[in-house]
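Contents: one structure, followed by commentary.
There are 2 protein chains.
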Amino acid sequence: MAEDTEATPESATIARLRRELARGTTELAVLSVLSVRRRYGYELLRVLRQTGEGVLEVKEGTLYPLLHRLEDSGHILATWEAEGRARPRKYYVITPDGRAYLAMLRTEWSGLVDGMRQLLDTLGEVQE
Amino acid sequence: MAEDTEATPESATIARLRRELARGTTELAVLSVLSVRRRYGYELLRVLRQTGEGVLEVKEGTLYPLLHRLEDSGHILATWEAEGRARPRKYYVITPDGRAYLAMLRTEWSGLVDGMRQLLDTLGEVQE
DNA sequence: GCCTGATACCTTGCCGTACAAGGCATCAGG
DNA sequence: CCTGATGCCTTGTACGGCAAGGTATCAGGC
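As they're listed, the protein sequences go chains A and B.
Using my numbering, you'd call the opening residue of the first sequence number 10 and step up by one each time.
Using my numbering, you'd call the opening residue of the second sequence number 10 and step up by one each time.
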C-alpha cells in the first residue's frame with residue numbers, strides 16, 4: 010500500500026517526544042560525520058538524513074545555528090569555496106579541539122545508553 | 010592559557026552536554042519505574058539516582074513538574090496518603106494510557122539508540 | 001519569458017524541558 | 001535549638017529544536 014505516506018498519523022506527540030529524546034544528539038552526529046572528512050552544510054543535511062535509518066531528521070533551522078555554535082567554540086573551522094562554481098559552499102573541518110570534544114560526547118552518550126539499558130532491564134528486580 | 014583557576018574547567022561543559030543528551034529520558038525512566046509499582050516523588054528521586062550507575066541525576070526541580078505534567082496528561086494518577094504518618098506522601102500510579110505512552114517512548118528510545126549506533130559505526134564507509 | 005524545484009546559505013521568534021534557587025512543613029538527634 | 005533528613009512545591013532563566021520566513025543561483029518544462 011501507500012508506504013510513501015510517512016506523514017505521522019496520530020501525532021504531534023510523537024514528534025515532540027522524539028525531538029526531546031534526540032536533543033543533543035545532533036551535535037554528536039555532526040561532529041562524528043565531520044571527523045571522517047570535511048563537509049558543507051547542505052551536504053551534511055543529506056548525509057545525516059540518509060544515515061541511521063532516518064532517525065535523525067535534521068532541519069535546516071537546527072543545523073546552521075549548530076554549525077555556527079561549533080565554529081564559535083572552536084570545534085570546527087569554516088572555509089568558503091567557490092572554485093569556478095556560481096553557488097559557493099561553506100566547508101567545515103573538525104579541529105583537534107573538536108575531536109577532544111567529540112570523544113567526550115561519545116563517552117557521555119554511551120554512558121547514558123548503558124545507564125538507561127541497565128535501568129530498563131533491571132526493573133523487575135528493583136531494590137528497596 | 011592553562012590557567013583555569015576554576016575548580017571546574019570542563020565540568021561545566023560536561024554538565025551542560027550531559028543535560029542536553031539526557032533530555033527526555035527522565036520521562037522514560039520515571040514511567041518505567043512506575044510501571045513496576047507505585048512510588049511517591051521523593052522515593053522516585055532515590056530510586057532513579059541509585060539505578061543506572063547514577064547516570065540520571067534527577068533534580069527535584071525537574072521531577073515534580075514532570076510528575077504534574079504526566080498527571081495532567083492522564084499518564085499517571087496521584088493519591089495522597091497519610092495513614093498515621095505526619096508527613097503525607099503523594100503516591101503515583103501509572104494508568105493504562107500511561108503504559109501505552111511508555112511503550113511508545115521505549116520504541117522511540119531504542120530507535121534512536123539503534124540509529125545513533127549505526128551512524129557512529131558506519132562512519133568509515135559513509136556513502137555520498 | 002515564466003515558474004517550479006533543487007541547490008546553498010541564513011535569520012527570527014516561539015516552545016518545551018532541565019534546573020538553580022528558593023520556599024514550606026515535619027521529625028530525629030546532638 | 002539547630003541541623004539535616006524527609007517530603008512537597010514554585011519561579012525565573014537557559015538553551016536546543018524548528019517552523020516559517022528570507023536571499024540567490026541554476027536547470028528544466030511549458
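Note that beta-carbon positions come from the ideal geometry of N, C-alpha and C, so glycine has one too.
All values reported here derive from a predicted model rather than from experimental measurement.
Distance between Leu54(A) and Lys99(B), taken at the CA atoms: about 46 Å. With 16 or more other Cβ atoms from the protein chains shown falling within 10 Å of its own Cβ, Val56(B) counts as buried. DSSP places Ala87(B) in the uninterrupted beta strand (DSSP E) bounded by 85-90. Taken through DSSP and simplified to helix, strand or coil, Val102(A) comes out as strand. Using a Cβ distance threshold of 8 Å, Leu75(B) and Val122(B) do not count as a contacting pair. Contact between Leu129(B) and Ser20(A) fails: their C-beta atoms lie close to 27 Å from each other, not under 8 Å. Only exposed fits His77(A), as fewer than 16 other CB atoms lie within 10 angstroms of its CB. Taking 8 Å as the CB threshold, Val122(A) lines the interface with chain B.
When rounded, the separation of the alpha-carbon atoms in Thr71(A) and Gly50(B) is 35 Å.
Separation of Glu69(A) and Arg27(A) (C-alpha to C-alpha, rounded to the nearest whole angstrom) is 17 Å. For Leu132(A), no alpha helix (DSSP H) run applies, since DSSP gives it neither H nor E. Distances from the CA of Leu132(B) to each of Leu37(A), Thr22(A), Arg25(A) were compared; the closest alpha carbon is that of Leu37(A). Listed in chain order, the positions of the stretch 98-113 of chain B with a beta carbon within less than 9 Å of a beta carbon of chain A are Tyr110, Met113.
Here Ala112(A) is exposed: its Cβ has fewer than 16 other Cβ atoms, across all protein chains shown, within 10 Å. Close to Val67(A), with beta-carbon spacing below 8 Å, lies no residue of chain B; the smallest spacing is near 11 Å. Here Arg48(B) is not near Tyr110(B), since their CB atoms are 8 Å or more apart.
For Arg32(A), the three-state secondary structure derived from DSSP is coil. Counting only residues of its own chain and dropping the five nearest sequence neighbours on each side, Leu114(A) has a CB closer than 6 Å to the CB of Leu37. With its beta carbon less than 8 Å from one in chain A, Leu129(B) belongs to the interface. Taking 8 Å as the upper bound on Cβ-Cβ separation, chain B lies near no residue of the stretch 70-82 of chain A.
For Gly70(B), the uninterrupted alpha helix (DSSP H) run begins and ends at 69-81, by DSSP. Of Gly107(A), Arg94(A), Ala91(A), Gly61(A), the smallest CA-CA separation from Ser82(A) is found for Gly107(A).
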